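Input: a single structure, listed below in structure tokens.
Residue numbers (my numbering): 324 to 399.
Structure follows, in structure tokens:
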């Protein structure tokens with residue numbers, strides 16, 4: 324079950340946080356930068372096609388447009 328979004332990030336393709344908004348205080352910008360590490364690992368899995376990445380109690384949903392990622396994040 325998804326709760327409220329903890330933070331919303333805009334990241335570029337080079338893993339830099341362009342803009343972010345923290346709504347609940349439980350996700351930091353450093354955790355958003357780890358998103359790309361998990362995404363690269365996920366792309367190596369041929370059975371994974373969903374726009375969700377899970378890491379240490381965090382859930383990242385992402386939408387990519389050109390070289391920018393929109394990433395709402397929440398604690399699970």
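Quick reminder that beta carbons are idealized off the backbone N, C-alpha and C, glycines included. No experiment lies behind these values; they were computed from the predicted model shown.
Membership of residue 394 in the beta strand (DSSP E) is indicated by the continuous run 391-398. Residue 394 has its alpha-carbon roughly 14 Å from the corresponding atom of residue 373. For the stretch 347-388, the full-length beta strand (DSSP E) segments reaching 3 residues or more read 375-378, 381-384 and 386-388 along the chain.
The continuous beta strand (DSSP E) containing residue 344 extends over residues 340-345. Per DSSP, reduced to three states, the secondary structure at residue 327 is coil, with no helix or strand assignment. For the pair residue 356 and residue 334, the CB atoms are nearer than the 9 Å cut-off.
Between the beta-carbon of residue 349 and that of residue 398 there is about 5 Å, and that keeps the pair under the 8 Å contact cut.
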